[in-house]
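The structure appears right after this line, and notes come after that.
In the working numbering, the protein residues as written are 132 to 446.
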C-alpha cells in the first residue's frame, strides 16, 4: 500500500467519521431530550438521570465539529487558544458528568430492585434533580483546571500530569467499582425475581434492562480509552518507558478516543431498541402532537368558515 494514499485515507476518513458522529449525535440526543421533556407524563427518576446523560452527550457532540476541522488539518488547531480551552472544558466536563450520571442511575436501579422499600426517599424526582444539579456543578468544578492550564500545544508540566491523573482517578478508577457492585446486585435481584410477575416488578425490570444496556455500552466504549490514558499518564510520569510502547499507546489512544465518541450516538439508539417505555413515550408523544395539530387545524377551519359567513352576511 502506498504510504501517501494510506495517509490520505486516514486524514480523510477520521474528520468525516468525527463529523458524522457529531451530526448524528446532535440529532439523536435532541430527539431523546424532546421526548423526555415534551411528554405529558413526568419523568421517572431513571429517566431524569438518562435525560441529563443525553444532555451531557449533546455537549460533547456539539464540540466535535471543531475537532473534525482540527483533524482535517493534521491536528493543527486553527481556532485560537480561547476556543481550545472552551472545547476541551466541555469535553472534560462531559467525561465527568456522563460517568456520574451513570453512577446515579445504577445506584437508583440498585435501590429499586435490591432495597425497594428502605430507600424510597432517595428515589424521589426532587432528589434526582438535585443530584443532577450537583453532578453538573461537580463536572464544571473538576474541569476548571482544563480551562486554566490547557494550551494548543500540550506541555508535560507537573500541573498537567496532576490534572490527567485526577481525571483518570475521578472519571474511571472510583466509579468502576460502584458500577460493578451495583450491576452484580441488580442482575442477582433480577434472577431472584424472574419467576415473580407483578406489574411493578415488570416495570422496574424494563427500566433496569435499558439501564444495564446503557452501562454495558458505556463500559465497552470508554474503558479502553481510560486504560490507555492511564498508561499514557504513567509514561509521561516516567513510571513506564519504551519507544514501541509509546507508539502503540498513541495509535490506541486515537482509535479508542473515536470509539468513546461513538457512545454518544449509541445511547439514543439503545433507548429506541431496548427501552420499551421510551418507545411507548415516543408513540404517545406522536399521538399527542397529532391530536393537537388536528385540533389547531379544526379551530382554524372553523374561524375561516365563520369569517366567510360574516362577510357574506355583510354583503
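Positions of the beta carbon are idealized from the N, C-alpha and C atoms, including for glycine.
Counted within 10 angstroms of its Cβ, other Cβ atoms place residue i as buried (16 or more) or exposed
i: residue 363; result: buried
i: residue 378; result: exposed
i: residue 226; result: buried
i: residue 144; result: exposed
i: residue 311; result: exposed
i: residue 152; result: buried
i: residue 357; result: buried
Straight-line Cα distance separating residue j from residue i
i: residue 372; j: residue 390; result: 26 Å
i: residue 398; j: residue 345; result: 6 Å
i: residue 200; j: residue 146; result: 7 Å
i: residue 213; j: residue 219; result: 10 Å
i: residue 248; j: residue 317; result: 15 Å
i: residue 257; j: residue 235; result: 14 Å
i: residue 353; j: residue 157; result: 19 Å
i: residue 374; j: residue 245; result: 49 Å
i: residue 418; j: residue 411; result: 11 Å
i: residue 308; j: residue 323; result: 23 Å
i: residue 279; j: residue 171; result: 43 Å
i: residue 139; j: residue 203; result: Low confidence applies to residue 139: its pLDDT is 47, below 50, so where it sits in the model is not reliable enough to give any reading.
i: residue 169; j: residue 242; result: 28 Å
i: residue 136; j: residue 142; result: For residue 136, the predicted structure reports a pLDDT of 46, less than 50, and the residue's modelled location is therefore unreliable. A value from the coordinates is still provided. Using only the alpha carbons, I get a separation of about 10 Å.
i: residue 252; j: residue 216; result: 40 Å
i: residue 175; j: residue 376; result: 47 Å
7 Å Cβ cutoff met for residue i and residue j
i: residue 177; j: residue 338; result: yes
i: residue 409; j: residue 402; result: yes
i: residue 341; j: residue 406; result: yes
i: residue 149; j: residue 208; result: no
i: residue 72; j: residue 224; result: This structure does not reach residue 72, given that the chain is present from 132 up to 446, and the question cannot be answered.
i: residue 355; j: residue 387; result: yes
Test: residue i CB closer than 7 Å to a CB of chain D
i: residue 191; result: No chain D appears in the structure shown, which is made up of a single protein chain.
Between the segment 255-271 and the segment 177-191, do at least 3 Cβ pairs fall closer than 8 Å? yes
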